[in-house]
Amino acid sequence: MNTQAGSHSVPHHFETAQQAFESAKLGMWLFLVTEILLFGVLFCIYIMYRGLYPEMFHEASLHLNRVMGATNTAVLLISSFTMAMAVHRAKHDDRVTAVRMLAITFFCGVIFMTIKYFEYTHKIHEGLLPAGMFSYDHVTHVKMPLFFSLYFMMTGLHGIHVLVGMGLILWVMVRCQRGAFGHAYSTPVELTGIYWHLVDLIWIYLFPLLYLIG
Amino acid sequence: MFVSKSHEKKYAVILIGLLCLTVMTVWVSYFDFGVLNIVVAMLVATVKATLVALFFMHLYEDQRVNQVVFISAFIFLALLILLIGSDLFFRPTPQSKYFHPEDVSKQFVEKKHSGNFEIPSQLLIEEGKNLFERYCVAYFPSSYVFPRERQKIYDLMTHGDSASHIPSFSDLGEKERWAITHYLFSRLEK
Numbered sequence: 317m318n319t320q321a322g323s324h325s326v327p328h329h330f331e332t333a334q335q336a337f338e339s340a341k342l343g344m345w346l347f348l349v350t351e352i353l354l355f356g357v358l359f360c361i362y363i364m365y366r367g368l369y370p371e372m373f374h375e376a377s378l379h380l381n382r383v384m385g386a387t388n389t390a391v392l393l394i395s396s397f398t399m400a401m402a403v404h405r406a407k408h409d410d411r412v413t414a415v416r417m418l419a420i421t422f423f424c425g426v427i428f429m430t431i432k433y434f435e436y437t438h439k440i441h442e443g444l445l446p447a448g449m450f451s452y453d454h455v456t457h458v459k460m461p462l463f464f465s466l467y468f469m470m471t472g473l474h475g476i477h478v479l480v481g482m483g484l485i486l487w488v489m490v491r492c493q494r495g496a497f498g499h500a501y502s503t504p505v506e507l508t509g510i511y512w513h514l515v516d517l518i519w520i521y522l523f524p525l526l527y528l529i530g
Numbered sequence: 002m003f004v005s006k007s008h009e010k011k012y013a014v015i016l017i018g019l020l021c022l023t024v025m026t027v028w029v030s031y032f033d034f035g036v037l038n039i040v041v042a043m044l045v046a047t048v049k050a051t052l053v054a055l056f057f058m059h060l061y062e063d064q065r066v067n068q069v070v071f072i073s074a075f076i077f078l079a080l081l082i083l084l085i086g087s088d089l090f091f092r093p094t095p096q097s098k099y100f101h102p103e104d105v106s107k108q109f110v111e112k113k114h115s116g117n118f119e120i121p122s123q124l125l126i127e128e129g130k131n132l133f134e135r136y137c138v139a140y141f142p143s144s145y146v147f148p149r150e151r152q153k154i155y156d157l158m159t160h161g162d163s164a165s166h167i168p169s170f171s172d173l174g175e176k177e178r179w180a181i182t183h184y185l186f187s188r189l190e191k
């Protein structure tokens with residue numbers, strides 16, 4: 317085994333390092349399938365209610381800030397790019413650049429959550445909250461609290477995923493710094509990368525569906 | 002140390018493409034194309050998602066089994082949405098050709114007798130107060146004169162009053178509208 321790629325040894329129930337990597341990756345893809353179905357149910361609820369109350373969704377989405385939403389989209393896309401770069405560099409033994417790229421990706425996550433924080437505080441201040449807590453004064457449609465229930469459920473669940481992703485990135489960054497990854501072994505960086513891209517992929521759909529209605 | 006630059010160039014080109022598509026989808030959203038808006042937005046989102054999955058997630062050069070696993074998620078999601086949607090959106094409504102008024106009036110009569118919402122009770126009045134303050138009060142000018150008959154108040158809740166710009170509250174159920182009616186009537190009596 318190449319010592320340059322750290323002291324990682326292949327678990328005894330695998331024949332080769334390649335087989336161990338492919339098995340881990342298949343496991344990650346299966347996990348992502350469950351993630352898609354988890355978010356998919358929320359998208360399904362969204363589609364049904366939007367079909368029932370199209371005007372309400374239109375009016376309610378005007379309360380969301382498009383510029384903030386678009387900025388967050390750009391931030392996540394850039395972070396996906398830096399993540400892909402980090403994976404590529406880690407695999408080719410360029411530790412310094414890989415750590416730097418992971419740091420940028422983490423920082424993009426911080427920017428995303430900060431913008432989300434400002435959006436949420438604004439909504440809370442206005443009383444645009446899920447049904448039950450909704451206290452906005454100038455309601456124009458009886459069912460408007462429903463939109464904000466969906467908004468907070470979908471972006472909230474997505475936000476939790478961003479936080480988990482940031483934790484994972486921090487973890488692989490520390491390990492990468494210590495020289496754990498190289499061309500022979502880089503499974504954790506690659507799998508964290510795939511997870512982070514899925515978080516981006518879900519936001520790609522959330523953004524137009526919540527912020528850009530009509 | 003050898004790092005192939007062609008991969009990284011490809012990532013950069015894809016990032017620029019993704020950012021351009023984002024600008025485009027925001028720009029398009031400022032125009033009103035009716036139904037086409039959502040079609041364009043979803044088409045652009047799908048192109049972006051495909052780019053991310055194929056090249057950033059390396060699905061394009063990945064093993065066939067991983068491709069099949071990932072795509073199967075979307076097939077099952079489509080099934081879920083199709084089945085629920087076909088129930089919800091093709092239920093007989095007065096506008097659809099599958100609608101038979103006699104079936105509904107039968108149901109309606111049964112429901113009406115099982116509920117008895119027309120008979121006022123303290124519970125209904127309290128529920129009506131909550132509902133009215135939550136959903137309706139913003140629409141009524143303070144000088145608004147309510148009809149002095151329960152049935153007429155109920156009709157007002159159902160159909161609205163276009164002369165005073167009061168919308169219909171038929172989104173609320175039959176019980177809720179009767180509850181509001183009883184609350185408003187109890188207010189008139191005072």
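Read top to bottom, the protein sequences are chains S and G. For the first sequence, the numbering used here gives the first residue as 317, with consecutive numbering after it. For the second sequence, the numbering used here gives the first residue as 2, with consecutive numbering after it. Each residue gets a CB set at the ideal place from its N, CA and C atoms; glycine is no exception.
* Check each residue of the segment 163-191 of chain G: if its Cβ is closer than 9 Å to any Cβ of chain S, include it; give the result in chain order. => Answer in chain order: Pro-168, Phe-170, Asp-172, Leu-173.
* In angstroms with no decimal places, state the Cα-to-Cα distance between Arg-405 (chain S) and Gly-385 (chain S). => So the two alpha carbons sit approximately 30 Å from each other.
* Contacting residues, own chain, Cβ-Cβ under 6 Å from Ser-377 (chain S) (five flanking each side not counted) -> Ile-529
* Ignore the nearest five residues each way along the sequence and tell me which others in Thr-421 (chain S)'s own chain have a CB closer than 6 Å to its CB. => Ser-395, Thr-398, Met-399, Ile-485
* Asked: If you pair each beta-carbon of the segment 8-17 of chain G with each one of the segment 512-521 of chain S, do three or more pairs fall below 8 Å?
  -> Fewer than three pairs of CB atoms, one per stretch, sit closer than 8 Å, so the segment 8-17 of chain G makes no contact with the segment 512-521 of chain S.
* Asked: Can you give the beta carbon distance from Val-391 (chain S) to Cys-424 (chain S), rounded, assuming they're within the 8 Å contact cut?
  -> 5 Å
* To do: Specify the secondary structure class of Ile-167 (chain G) as computed by DSSP and reduced to three states.
  => The answer is strand: DSSP assigns Ile-167 (chain G) an E or B state.
* **At least three beta-carbon pairs within less than 8 Å, the segment 453-462 of chain S to the segment 368-376 of chain S** => yes
* Is there a Cβ from chain G that is less than 8 Å from the Cβ of Ile-427 (chain S)? -> no
* Taking 8 Å as the threshold, find out whether the segment 128-145 of chain G comes into contact with the segment 426-442 of chain S through three or more Cβ pairs. => no
* Asked: Is the Cβ of Ile-154 (chain G) closer than 8 Å to any Cβ of chain S?
  -> no
* To do: Measure from the C-beta of Glu-375 (chain S) to each C-beta in chain G and report whether the shortest distance is under 8 Å.
  => Interface with chain G (8 Å Cβ-Cβ cutoff): Glu-375 (chain S) is excluded.
* To do: Could you tell me which residues DSSP puts in a beta bridge with Ser-162 (chain G)?
  => Checking the sequence shown, residue 162 (chain G) turns out to be Asp, not Ser. For Asp-162 (chain G), which the question treats as bridged, DSSP gives the partners G:Ile-167.
* To do: Below 7 Å between beta carbons is the criterion; list the residues of the segment 400-423 of chain S that meet it against any residue of chain G, in chain order.
  => Only Ala-400, Met-401, His-404, Arg-405, His-408, Asp-409, Asp-410 from the segment 400-423 of chain S bring a Cβ to less than 7 Å from some Cβ of chain G.
* Asked: Is Cys-492 (chain S) buried or exposed, if buried means 16 or more other CB atoms sit within 10 Å of its CB?
  -> buried
* CB contact below 8 Å: Glu-9 (chain G) versus chain S -> yes
* Proximal residues to Phe-464 (chain S) (C-beta, below 8 Å), its chain only, five neighbours per side dropped -> Closer than 8 Å at the Cβ level, and outside the excluded window around Phe-464 (chain S), lie Ala-376, Lys-439, Leu-444, Leu-445, Pro-446, Ala-447, Phe-450.
* Flag this pair as yes or no: are the beta carbons of Leu-393 (chain S) and Leu-55 (chain G) separated by less than 8 Å? => no
* Neighbourhood of Ile-518 (chain S) by C-beta, 7 Å cutoff - its chain only, sequence neighbours within 5 removed -> Phe-355, His-474
* To do: With 8 Å as the threshold, decide whether the Cβ of Asn-117 (chain G) is near any Cβ in chain S.
  => no
* Keeping to the same chain, check which residues put their C-beta closer than 8 Å to that of Leu-522 (chain S); ignore five residues upstream and five downstream. => Met-470, Thr-471, His-474
* Asked: Grouping DSSP H, G and I as helix and E and B as strand, with all else coil, what is Leu-346 (chain S)?
  -> helix
* Asked: Rounded to the nearest angstrom, how far is the Cβ of Pro-353 (chain S) from that of Leu-78 (chain G), given a contact under 8 Å?
  -> Per the sequence shown, the amino acid found at residue 353 (chain S) is Leu instead of Pro. Sure, about 6 Å apart at Cβ, within 8 Å.
* Is DSSP giving Tyr-452 (chain S) helix, strand or coil here? -> coil
* Asked: Taking the C-alpha atoms as reference points, what is the distance between Ile-167 (chain G) and Thr-159 (chain G)?
  -> 11 Å
* Asked: Taking buried to mean at least 16 other C-beta atoms within 10 Å of its own C-beta, is His-499 (chain S) buried or exposed?
  -> exposed
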